[in-house]
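Undergrad: The structure follows.
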Amino acid sequence: MVALSGLVISSFALIAQRLSPASAQLLPPGMTVGSDGPADEATRGYWVNHVGFNVRNLTESKNFYGNVLGLREIFTIQYTPNFSMTYLGYPQGGRNGSGFQSGEEMLRDKNQMGGLVKLFYFAVPDRLPVASTERTSTFSNIGLIVPDIQATQDRLEKHGAKIVKRLGETTIPLDGPIATAMNVGPASTSNMTEGEALIEGLQTTSFERVLFAEDPDGNLIEILAQNGF
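Put into structure tokens, the structure is as follows:
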């Protein structure tokens, strides 16, 4: 179990390391840079527009993504008295703070934007969704880039957000929310017993500069500085 925990820690340290694709000599063991050629011409213009969550409490989720992380509400549709959908996003300029946009302006640009968050809320208390930090699913985490990661941690703490890995910490528990969301928790790795599965030589200090938090529903948010990996 100790060896397996080391594998988990080393693996997450690896994904946190900033790499220089121009120099293969800087690549850690086991990592290769992608060599895909041009995409099929039929996919020209494709990009990821939004990610959607099923939320347990719409007010709490809107407060977290809006007031804590700074996304702006684009619109809410109340399909039935118990079912609604809300879209949030950062201004069209590409970085929050690059220019205010009203809800009407963001709605106009919605299908030309990326990084939007969609919240589905179904007001049925006995059918609450289970987060991937509680039980491994096909969803792992979303990533957030910030200009000042220490200030972001301070802000999350100020607003009472749940931080599951703070700056400066270099290890994570094997049975914790990060491992569970990343599909390397006990339920996923119980059969990995061979010591040779360890990847040797993956040592880095940059994992200490990665911040992990949860939204009100337990969805994992990985937060990196602009010069992080």
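Under mature numbering (1 follows the signal peptide of the UniProt record, and there is no 0), residues -24 to -1, 1 to 205 are what the sequence shown spells out, in order. By construction, the Cβ of each residue, glycine as well, lies at the ideal position given by its N, Cα and C atoms. Please read all numbers here as calculations on a predicted model, not as lab measurements.
Within the same chain, show all residues whose beta-carbon is closer than 7 Å to that of alanine 28, passing over the 5 residues directly before and after it, in chain order.
TA: Looking at the sequence provided, one finds glycine at residue 28 rather than alanine. Correct list, in chain order: Lys94, Phe96.
Undergrad: What number of angstroms, rounded off, separates the C-alpha of aspartate 124 from the C-alpha of alanine 201?
TA: 6 Å
Undergrad: With a threshold of 16 other CB atoms inside 10 Å of the CB of glycine 65, please say whether the residue is buried or exposed.
TA: Buried is the call here.
Undergrad: What distance in whole Å lies between the Cβ atoms of asparagine 87 and glutamate 198, which are believed to be in contact at a cut-off of 8 Å?
TA: The pair is not a contact, with the Cβ atoms about 26 Å apart (cut-off 8 Å).
Undergrad: Does the contact criterion of 3 or more C-beta pairs under 8 Å hold for the stretch 77 to 87 versus the stretch 107 to 116?
TA: no
Undergrad: Just to confirm, is the Cβ distance from glutamate 190 to threonine 109 under 8 Å?
TA: Yes, these two residues count as a Cβ contact at 8 Å.
Undergrad: With H, G and I counted as helix, E and B as strand and the rest as coil, what does DSSP make of phenylalanine 183?
TA: helix
Undergrad: Per the DSSP calculation, asparagine 117 is bridged to which residue(s)?
TA: Leu196
Undergrad: Note the first and the last residue of the continuous beta strand (DSSP E) segment covering threonine 52.
TA: First-last of the beta strand (DSSP E) with threonine 52: 48 to 56.
Undergrad: How far does the alpha helix (DSSP H) with threonine 35 in it extend, from its first residue to its last?
TA: 34 to 38
Undergrad: Give the single residue among Ala137, Ala157, Glu145 whose Cα lies nearest to the Cα of residue 254.
TA: In the structure as shown, the chain begins at -24 and stops at 205. Residue 254 is therefore absent and cannot be evaluated.
Undergrad: For alanine 15, which of helix, strand or coil comes out of DSSP?
TA: coil
Undergrad: Run the CB neighbour count on glycine 91, radius 10 Å, all protein chains shown included, and call it buried at 16 or more, exposed below.
TA: buried
Undergrad: Given a cut-off of 8 Å on the beta-carbon distance, is the pair glutamine 129 and isoleucine 139 in contact?
TA: yes
Undergrad: Could you give the distance in angstroms between the alpha-carbon of asparagine 30 and the alpha-carbon of alanine 155?
TA: Asparagine 30 and alanine 155 have their C-alpha atoms some 21 Å from each other.
Undergrad: Provide the residue(s) that pair with threonine 141 in DSSP beta bridges, ordered along the chain.
TA: The residue you asked about is not threonine; residue 141 is lysine in the sequence shown. The partner list for lysine 141 (beta bridge, DSSP) reads Phe188.
Undergrad: Find out if the Cβ-Cβ distance for the pair threonine 56, lysine 38 is shorter than 8 Å.
TA: no
Undergrad: Looking at the unbroken beta strand (DSSP E) that takes in methionine 89, where does it start and where does it end?
TA: Membership of methionine 89 in any beta strand (DSSP E) is not indicated, and neither H nor E is assigned to it by DSSP.
Undergrad: Using DSSP with H/G/I as helix, E/B as strand and the rest coil, what is valine 122?
TA: Residue state, collapsed to three classes: strand.
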